[in-house]
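As structure tokens, the structure follows; a few thoughts come after it.
Protein chains: 2
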Amino acid sequence: MTQPETKTAETTNSNDDYVVGVDIGGTKILAAVIDAEGTIKSQSKTGTKAKQEVDQVIDRIARCIRRAIKRSGLETSQVRAIGMGCAGTLDPDTGLVILAVNLGWSNVPLRAKLEERMGIPTFIDNDVNVGTLGEAVLGAGKGVKDLVGIFVGTGIGGGIILDGQLFHGANKLAGEVGHMIVKAGGPRCGCGNRGCLEAVASRTAITRQLRKAILKEGKKSILPKLNGGNLDMIRGGALAKAVTRGDKLTTKIMRRTEKYLGMGIASIVNFLSPQMIVLGGGVIEAMGSEFIDAVHKVTLKYALPNTMNDFQIVKAKLGDEAVIMGGSVLARRMLEKEPLEEKIDEA
Amino acid sequence: MTQPETKTAETTNSNDDYVVGVDIGGTKILAAVIDAEGTIKSQSKTGTKAKQEVDQVIDRIARCIRRAIKRSGLETSQVRAIGMGCAGTLDPDTGLVILAVNLGWSNVPLRAKLEERMGIPTFIDNDVNVGTLGEAVLGAGKGVKDLVGIFVGTGIGGGIILDGQLFHGANKLAGEVGHMIVKAGGPRCGCGNRGCLEAVASRTAITRQLRKAILKEGKKSILPKLNGGNLDMIRGGALAKAVTRGDKLTTKIMRRTEKYLGMGIASIVNFLSPQMIVLGGGVIEAMGSEFIDAVHKVTLKYALPNTMNDFQIVKAKLGDEAVIMGGSVLARRMLEKEPLEEKIDEA
């Protein structure tokens, strides 16, 4: 076959240019073989079983990757690199996971342990950063240089892309949108403080408000029925259905959620003036574009004049594949910075 | 005299390497001739008289610059460039002042009008951005790559330096720290919204709280006496004196101000993870290092673990000279980007 003469790592379309993207979360591991155009050739999924020993969990990650490669029909030696997004606080330069509460890990040299098992150059970053990179390069933010990804689920995470690159900041922890304070003295957050965006606009915050209104104040709502008869951690789908069916309590709480999200985004717009916010995560996926439009209106109200020119708030496109897709981008970009030859020399 | 063989625009020490830095505010204009080491050779100050016609005010700016040059003993032709910081919303690329409420200007091509009068390459940026650049290169932030400048006075302004450069964002309006929302539903801000940092921690916010407590609630305080018998816009010096003398009301309100500033900074730390915050402006200058230490403690409480490693909050060093010093840095940097020859070709 003939190949195009000019090519870059991100646009090459060649049958032998594959990397693996991996998403390591507290409950599941997802691995996929992805080509240079961002097309998934094969994937594999497994439970994390985070309660097992660290090395056992890392063995599971390696097995999941090998299975995805096998399904693609490739040999492991044909995979150029692995790019992983991992929940928690980590150092992308050293590949050390400093603290991952969901995994029960502290100071785990994930990159080194995976490279040892797989013999392939491996790169890691925080899962929300990697998801944001995926959206920026292969998803909703294609062609946008400066954007912020905000993912609203059980918590609220974020990632910053400046000049097309992930921005990590001095302590490599930039992007913690969920812990920007929007309501001083407000509800207690999982981080121990009060009034964080996560404490007023995450699924956890929504659940807390619904539980209080229904269980303590006796407010009526069809929500418990839609959520499988309980109010433990309310699914996005149940929220969306309750609003669609005109449930007053849920609608009121979701209006409040829109307001806080809009304020948080306005803080970002006034401070950083990005071109775009990509909104993703379970709550956003379920609530859809009307919810995003409402958030946009609140942002417009709280943003300073002229900060919203050509500014967009868009829904994430990649869904559950954001991290594996972003992992493939991370792998390719890092390969460009760190040529394979050097990695082989080291080995 | 002999000159060092290797030199850059910022470190050259030569008797014929001068630029002019200018600070254009709503009440005064300050211009200074500054050498390559950031030493002020001469300066000149004049009232802005913002109520005059735009062209008259710009004539005043030009006269102020000429007077500063004359005082330095140089000829105008010996000045390589002019760098100006101007209050308001402006486009540094086109040199257009879009809106400057304090000056009563909208859509004023300040750069072009000044170049026409002076015949010297001229560069402009927002005054707080320019002040932050001054602190980053010649003041408290020397050697720091990523920092945020926060200036607490009548309002709260800010500037962002990333990788040693001013960061403007998509709409060139980045850095509006004062309009990050920290207290949803809180006091009304000058911008029309509620709960902005400026609405809870600026001199305006402090004055509002003191007026309410003293005039409406009849609380006792030595503050009015220290502020010249009135409570119109309370000076930083009066606040500092009242706290030093143990005035309970003022102390309580300043503790609250520390709290909100610390929360605002924690939001920035969690979101952007800068290396340093430079705190300046009238309130900070007057209150001094104990106040900054208290703000630091609040930030530490609200920042996520590991975000504060090697992170510093420092007091601005350049005081009223931050904008003229930053103007000199702006002028030198823009000259490097836009060689003088091109400017002459255009003329």
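Chains as they are written, first to last, in the numbering used here: chain A, 15 to 361; chain B, 15 to 361. Virtual Cβ for every residue (Gly too), placed ideally from N, Cα, C. The structure presented is a predicted model; accordingly, all values stated were derived computationally and were not measured.
Nearest C-alpha to Gly61 (chain A) among A:Ala76, A:Ile48, A:Ala50, A:Ile54: A:Ala76. By the Cβ test, the region 263 to 276 of chain B is in contact with the region 300 to 311 of chain B, since at least three Cβ pairs between them sit closer than 8 Å. Close CB contacts of Ser216 (chain A) within its chain, under the 8 Å cut and outside five residues either way in sequence, are with Val166, Gly167, Thr168, Gly169, Ile170, Gly192, Val297 (chain order).
Residues of chain A whose Cβ lies closer than 7 Å to the Cβ of Met194 (chain B) are, in chain order, Ser281, Asn284, Phe285. According to DSSP, Asn140 (chain B) shares a beta bridge with B:Cys100. Taking Ile112 (chain B) as the centre and dropping the five residues before and after it, the same chain places the C-beta of Gly102, Thr103, Leu104, Asp105, Ser120, Asn121 closer than 8 Å to its C-beta, in chain order.
In terms of Cβ geometry, Gly302 (chain B) and Val36 (chain B) do not form a close pair [threshold 8 Å]. Segment contact: the region 153 to 163 of chain A against the region 280 to 300 of chain A, three or more CB-CB distances shorter than 8 Å; contact assigned.
No Cβ-Cβ contact shorter than 8 Å links Leu128 (chain A) with Met339 (chain A). Residue environment analysis places Lys197 (chain B) among the buried positions, since at least 16 neighbouring C-beta atoms fall within 10 angstroms of its C-beta. For Ile112 (chain B), the residues of chain A that pass the 7 Å Cβ criterion are Asn320, in the order they occur in the chain.
Spatial neighbours of Ala188 (chain B) in its own chain (CB-CB distance under 6 Å, excluding positions within 5 residues in sequence) are listed in chain order as Ile174, Phe181, His182. Counted as a single uninterrupted DSSP element, the stretch harbouring Phe165 (chain B) is not any alpha helix (DSSP H) but the beta strand (DSSP E) occupying residues 161 to 166. Residue nearest to Thr218 (chain B) within the set B:Glu299, B:Pro201, B:Val162 is B:Pro201 (criterion: CA-CA distance). Counting of Cβ neighbours within 10 angstroms places Ser86 (chain B) among the buried residues, the total reaching 16 or more.
The straight-line gap separating the alpha-carbon atoms of Lys262 (chain B) and Ser235 (chain B) is approximately 7 Å. By the criterion of a C-beta distance shorter than 6 Å, Gly251 (chain B) is surrounded in its chain by Ala300, once the five residues flanking it on both sides are discounted. Taking 8 Å as the cut-off, the Cβ atoms of Arg74 (chain B) and Thr90 (chain B) do not count as close. At a Cβ-Cβ threshold of 8 Å, Met194 (chain B) and Cys205 (chain B) do not count as neighbours. In this structure, B:Gly145 is the residue among B:Gly145, B:Gly232, B:Met322 with its C-alpha nearest to the C-alpha of Ala330 (chain B). Taking 8 Å as the threshold, the shortest C-beta distance from Met277 (chain A) to chain B falls below it. Per DSSP, Gln57 (chain A) lies in no alpha helix (DSSP H) segment; the continuous beta strand (DSSP E) that holds it begins and ends at 54 to 61. Close CB contacts of Asn284 (chain B) within its chain, under the 7 Å cut and outside five residues either way in sequence, are with Ala317, Leu318, Thr321 (chain order).
For Gln289 (chain B), the C-beta contacts it makes with chain A under 8 Å involve Ala184, in order along the chain. Excluding its 5 nearest sequence neighbours in each direction, Arg125 (chain B) has C-beta neighbours in its own chain below 6 Å: Gly109, Thr136, Ile138, listed in chain order. 8 Å or more divides the Cβ of Gly97 (chain B) from the Cβ of Ala336 (chain B).
For the pair Glu149 (chain B) and Leu286 (chain B), the CB atoms are not nearer than the 8 Å cut-off. Per DSSP, Lys331 (chain B) lies in no beta strand (DSSP E) and is assigned neither H nor E.
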